[in-house]
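**Q** Structure below; questions to follow.
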Amino acid sequence: MANFWHSSTDVIIIGSGAAGLSAAIEARQAGASAMVFEKMKITGGNTRISDGGLSAPGNFMQKRRGITDSPQMFYDDIMQAGLKLNQPELVKLFAQNAAGAIDWIRQLGVQFQDRLDKFGGHSTARCVTIAHNAGRDITKAQIRQLEQLQVPILTRHAMAGLITDSSGTVTGVRIRSDVQEPPGTAKPDNASAKTKNILARRAVVLATGGFGSDVAFRSCHNPRLDETIQTTNHKGATAEGLIAALKIHAMPLHLSWIQLGPWGCAMEKGYGKGCRFASYSIFPAGILVNPDTGNRIVNEWADRRIRSDAILASGRICAGIVDAEGAQKDPDSLSHCLKTQKIEKFDTLTQLAGAWKMPPDALENTVADYNQLVRTGKKDRYGKLPDKNTCLIESPPFYAMALWPKVHYSPGGLRINADARVMDLNHRPIPHLFAAGEVTGGIHGAGRLGGCALTECIVFGRIAGRQAAMTPGL
Ligand SMILES: Cc1cc2nc3c(=O)[nH]c(=O)nc-3n(C[C@H](O)[C@H](O)[C@H](O)COP(=O)(O)OP(=O)(O)OC[C@H]3O[C@@H](n4cnc5c(N)ncnc54)[C@H](O)[C@@H]3O)c2cc1C
């Protein structure tokens, strides 16, 4: 039996995004030894390519600007976007610990911009953004910390399965080393890899992220999301970590509620400056118009699910329109998008309508009605209630971007409890198995609000790491 294990550590963490690295730091700081396994050749997963927006009530930037917010307001917003499919105790825990999670990464050296954004579905401005809009700053700071703590991170090492004993306790993992990444898939390549069994004396933490790039898995749960719909995710965002837990009877939640980003720029692959400009500038400051009618189709501040569904229901690539002033919310992305022709610039709305083959009078009327709404502060028929963040669309030039949703996030995943323990089909914790981040489900219910994933990964990653370290050894 001794030869069965190739090596051992107290806590094994699978995945090197924000959730996994947060867990590794906490586990080590709680006195456990730890190892992180990452299947890709580079660390960071979706965290690395993210915009680095983190939402939290009572965060340092809100305090600096005197903005009132509360965990209860945050909770209410998350529950509404999630259609109340969310697990209430997890949302409460998240809301109470979100601002602390941002302070924690600031202490690790992560720098933030002097800006605060209000994204669709949030009742107030509460999203802070990392310097250079780069989620990779989180993983870089965490990796620096893990180097000091002497926690190894092994890339090109893929978990191929969880190992349990006869009582169902998770005792370790099967790891394939020297994993190749065949074109088009980052799933472990069996033929070229070696398998080793690694003993986890205390626990395994699954932090393998979402499954946005796993077309077979996602389209099984939502056939609408086949290969014709692009994704913003890194290519390693596949479901095998989640499946490994399902094989040992973990409880899945909400797998078919896969989130689309309504700000998907039709002129670029994946997630680039176009998506970012739409997210940070067009939706907060502009309008979304169906080119067939020249009319708005939705509350541009609604949550992502509502906005994406509205575009899909229109059956047409829609036009996101913003004026010169609104475009200044993200000037860097604007200049990049102009250079790369992801966005078009027009001196007048009539020219814009002509280029998009829209009925010009209809577009003029749409904009005039919208500006009237902003001036009067009345709620419109889509439920948009203008406030001080709403912008008039009146200063030329006007900008238009082609928008079509992209698969962005997996709100569904493994059911965990408040200690980040993975629950089984009988509602009992699976001994010695924890999970955090996008591989889990239930916190966001039917849909996630902007900036809530990274914060949640840190909150629950930290809990998972601490709890894993405190688990009595085998
Ligand atoms: C383009 C983009 C922009 C985003 N912007 C924001 C934002 O601004 N704010 C926000 O809150 N959220 C944002 N999100 C969502 C957010 O980035 C993710 O939900 C979050 O980073 C997930 O973190 P994670 O640690 O759970 O997973 P990840 O960061 O994806 O890390 C999981 C890691 O596990 C590895 N892995 C998977 N399977 C295995 C296996 N079998 N063996 C070993 N390793 C494995 C993966 O390769 C990956 O590196 C964005 C997402 C994208 C795609």
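For the sequence shown, counting from 1, position 103 maps to 105 in this note's numbering; every step adds exactly one.
Even glycine gets a Cβ: it sits at the ideal position worked out from N, Cα and C.
The model shown is predicted, which means the values in this text are computed figures rather than measured ones.
Taking all protein chains shown into account, do 16 or more other C-beta atoms lie within 10 angstroms of the C-beta of PRO225, making it buried, or fewer, making it exposed?
**A** By the 10 Å Cβ count, PRO225 comes out exposed.
**Q** Roughly how many angstroms lie between the CA atoms of SER18 and THR141, to the nearest whole one?
**A** Those two C-alpha atoms are separated by around 8 Å.
**Q** Please determine whether the Cβ atom of GLU40 lies at a distance below 7 Å from any heavy atom of ligand 1.
**A** Checking the Cβ of GLU40 against ligand 1 gives yes.
**Q** Pick helix, strand or coil for GLN89, following the three-state DSSP scheme.
**A** GLN89 falls in the coil class under three-state DSSP.
**Q** From GLY447 to HIS256, what does the alpha carbon distance come to, in whole angstroms?
**A** Each residue's Cα considered, the two are about 7 Å apart.
**Q** Tell me the start and end of each unbroken alpha helix (DSSP H) in the segment 345–383 that is at least 4 residues and wholly inside, in chain order.
**A** Segments of the alpha helix (DSSP H) lying fully in the segment 345–383: 351–357 and 362–378.
**Q** Enumerate, from N- to C-terminal direction, the unbroken beta strand (DSSP E) stretches of 3 or more residues contained entirely within the segment 124–177.
**A** With a minimum length of 3 residues, the continuous beta strand (DSSP E) runs that stay inside the segment 124–177 are 129–131 and 160–166.
**Q** Can you name, in chain order, every residue of its own chain whose Cβ lies under 7 Å from the Cβ of GLU229, other than the five neighbours on each side?
**A** Taken in chain order, the residues that qualify are VAL217.
**Q** Under a Cβ-count criterion, where at least 16 other Cβ atoms within 10 Å of its own Cβ denotes burial, should LEU405 be classed as buried or exposed?
**A** Flag for LEU405 reads buried.
**Q** Measuring alpha carbon to alpha carbon, tell me which of PRO431, PHE39, ASP53 and ASN391 ends up nearest ILE250.
**A** Of PRO431, PHE39, ASP53 and ASN391, the residue nearest in Cα terms is PRO431.
**Q** Considering only DSSP beta bridges, list what ARG298 is partnered with.
**A** Bridge partners of ARG298: VAL291.
**Q** Compute every distance between the C-beta of LEU257 and the non-hydrogen atoms of ligand 1, then say whether any falls below 7 Å.
**A** Not under cutoff, so the answer is no.
**Q** Could you round the C-beta distance between PRO264 and SER310 to whole angstroms and report it? I think they count as a contact, below 8 Å.
**A** That pair is a contact at about 4 Å.
**Q** Is ILE250 near ligand 1, going by C-beta to nearest heavy atom under 7 Å?
**A** Not so, every heavy atom of ligand 1 lies at least 7 Å from the Cβ.
**Q** Which residues in the same chain as VAL324 place their Cβ atom closer than 6 Å to its Cβ, once the five residues preceding and following it in sequence are excluded?
**A** Contacts found: SER283, ILE284, ALA287, GLY288 and TYR401.
**Q** What residue ranges within the segment 194–254 form continuous beta strand (DSSP E) runs of no fewer than 3 residues, ordered along the chain?
**A** With a minimum length of 3 residues, the continuous beta strand (DSSP E) runs that stay inside the segment 194–254 are 196–208.
**Q** On the DSSP letters alone, give me the boundaries of the alpha helix (DSSP H) that GLN82 sits inside.
**A** Unbroken alpha helix (DSSP H) run through GLN82: 73–83.
**Q** With which residues is ASP325 paired in a DSSP beta bridge?
**A** DSSP lists PHE400 as partners of ASP325.
**Q** How many Å lie between MET472 and GLY211 at the Cα?
**A** The alpha-carbon atoms of MET472 and GLY211 are separated by roughly 24 Å.
**Q** Is any heavy atom in ligand 1 found nearer than 7 Å to the beta carbon of MET37?
**A** No.
**Q** My output table needs one value for LYS43: the three-state DSSP class, helix, strand or coil.
**A** Residue state, collapsed to three classes: coil.
**Q** Whose C-beta lies closer than 6 Å to the C-beta of PRO333 among residues of the same chain, with five residues either side of it excluded?
**A** Nothing meets the Cβ criterion.
**Q** Buried or exposed: GLU149, going by 16 or more other Cβ atoms within 10 Å of its Cβ?
**A** Result: exposed.
**Q** Kindly indicate which residue of ILE15, ARG50, VAL424 and ASP12 has the alpha-carbon position closest to the one of ASN235.
**A** It is ARG50.
**Q** Would GLY17 pass as an interface residue toward chain D - the criterion being a Cβ-Cβ separation below 8 Å?
**A** Although the question refers to chain D, the structure presented lacks it and comprises just one protein chain.
**Q** Measuring CB atoms only, is the segment 260–277 touching the segment 456–473, in the sense that at least three cross pairs come out at less than 8 Å?
**A** No: fewer than three Cβ pairs fall under 8 Å.
**Q** Is GLN63 close to ligand 1? I mean its beta-carbon at under 7 Å from any heavy atom of the ligand.
**A** Note on residue identity: the sequence assigns Met, not Gln, to residue 63. Not so, every heavy atom of ligand 1 lies at least 7 Å from the Cβ.
**Q** I'd like the list of long-range same chain contacts for PRO254, defined as Cβ closer than 8 Å, with 5 residues on each side in sequence excluded.
**A** Same-chain partners within the cutoff: LEU244, LEU248, GLY414, GLY415, LEU416, ARG417 and GLY443.
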